[in-house]
Amino acid sequence: MGEIRYIKTSEADIELLMQVRLEMLREVNDLSDEYVYDETLVTESRKYFENGNQTTVLAFDNEIVVGCASLSYIWIMPTFDHPTGTRAHLMNVYTKSNYRRKGISKRMVEMLIDEAKEKGVTEISLDATEMGRPLYEALGFEKNCAGMVLELR
Numbered sequence: 001m002g003e004i005r006y007i008k009t010s011e012a013d014i015e016l017l018m019q020v021r022l023e024m025l026r027e028v029n030d031l032s033d034e035y036v037y038d039e040t041l042v043t044e045s046r047k048y049f050e051n052g053n054q055t056t057v058l059a060f061d062n063e064i065v066v067g068c069a070s071l072s073y074i075w076i077m078p079t080f081d082h083p084t085g086t087r088a089h090l091m092n093v094y095t096k097s098n099y100r101r102k103g104i105s106k107r108m109v110e111m112l113i114d115e116a117k118e119k120g121v122t123e124i125s126l127d128a129t130e131m132g133r134p135l136y137e138a139l140g141f142e143k144n145c146a147g148m149v150l151e152l153r
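Heads up: the sequence shown begins at 1 in full-length UniProt numbering, then just goes up one per residue.
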């Protein structure tokens, strides 16, 4: 492993973003290499990276993408606790298996947290896997059971 390089992506990085997004979904969901993604998922993911209010960080070992992390910005009605109304949701945090436990995900998430602070974000939410939970706790995230969700499928 060489020195890891981190970049905040731009529209020019769309193919890399799509490649690592689909790779991450394949691994997280234990899908085979032959799995065919739903066309809507692929199309909407591409549109989101091109037009969404988000920042994605990629980690490189030389020219190979070894990790990613995305922060989606959400603007909702301001409240007393969140006077700007600007919140964010952390997702798509992924590091290739042979690069894990080397601080790569931590560095990517720290970069996104710093940017969120600069943008006036008052809260970052996330959906954690059991494997990711220790990382998020080390970065100060706390379990929150205050909310409720209605899934509309």
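Quick reminder that beta carbons are idealized off the backbone N, C-alpha and C, glycines included.
**OP:** Taking only the alpha-carbon atoms, compute the straight-line gap between A12 and V42 and give it to the nearest angstrom.
**Re:** Going from the Cα of A12 to the Cα of V42 covers about 17 Å.
Original post:
Taking just the CA atoms, how far does L17 sit from K129?
Top reply: It should be pointed out that residue 129 corresponds to Thr in this sequence rather than to Lys. Using only the alpha carbons, I get a separation of about 21 Å.
Original post:
Just the Cα atoms here: how many angstroms apart are Y35 and D81?
Top reply: Roughly 43 Å between the two C-alpha positions.
Subject >> Euclidean distance between Cα positions of E39 and S45 >> reply: When only Cα atoms are considered, E39 and S45 end up about 10 Å apart.
Subject >> Burial state of N92, where buried means 16 or more other Cβ atoms lie within 10 Å >> reply: Buried is the label assigned to N92, since at least 16 other Cβ atoms lie within 10 Å of its Cβ.
**OP:** Just tell me which of P134, N51 and L31 has its CA closest to the CA of S10.
**Re:** Cα-wise, what sits closest to S10 is N51.
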